[in-house]
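Residue numbers (the numbering used here): -19 to 121.
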């Protein structure tokens, strides 16, 4: 799986990259957003959701406490940070979401890969380098 590397230097750049990524996603797809707290996972998700036409950037927020946000009828933004066990993840019904030909953006999903639906997966690793974000995208195409 070859990876593409991008650098963004602002929130707007990261959102624009998300919009671009949205045009390359093939449904159904799991997009694992991987990075430390504050790396920019939700910012990139804003661009992806907006790029898919599911809602506006201002409507997208972190689902840390609600765990799942649904945008439109087939775009899900999921945050597994607060879940502690694989059975909690399995109880979310991710398989059913995936079966809806959905785009599933999953923050903190790398810990629970073994209970995520099988199929088309894109991994996005975001790291902070000074004032920039280094974004590595693997699994497209």
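Virtual Cβ for every residue (Gly too), placed ideally from N, Cα, C.
Comparing alpha carbon positions, the residue from 116, 104 and 110 closest to residue 12 is 104. Non-local C-beta neighbours of residue 77 in its own chain, meaning closer than 7 Å and more than five positions away in sequence, comprise 56 and 84, ordered along the chain. Taken atom to atom, the span from the alpha-carbon of residue 81 to that of residue 73 is near 14 Å. Partner residues in the beta bridge of residue 116, as assigned by DSSP, are -15 and 105. Of the residues assessed, residue 71 falls on the exposed side of the cut-off, its CB having fewer than 16 other CB atoms within 10 angstroms.
The DSSP assignment places complete alpha helix (DSSP H) segments of no fewer than 4 residues inside the region 59 to 85 at 66 to 70 and 74 to 79, in order along the chain.
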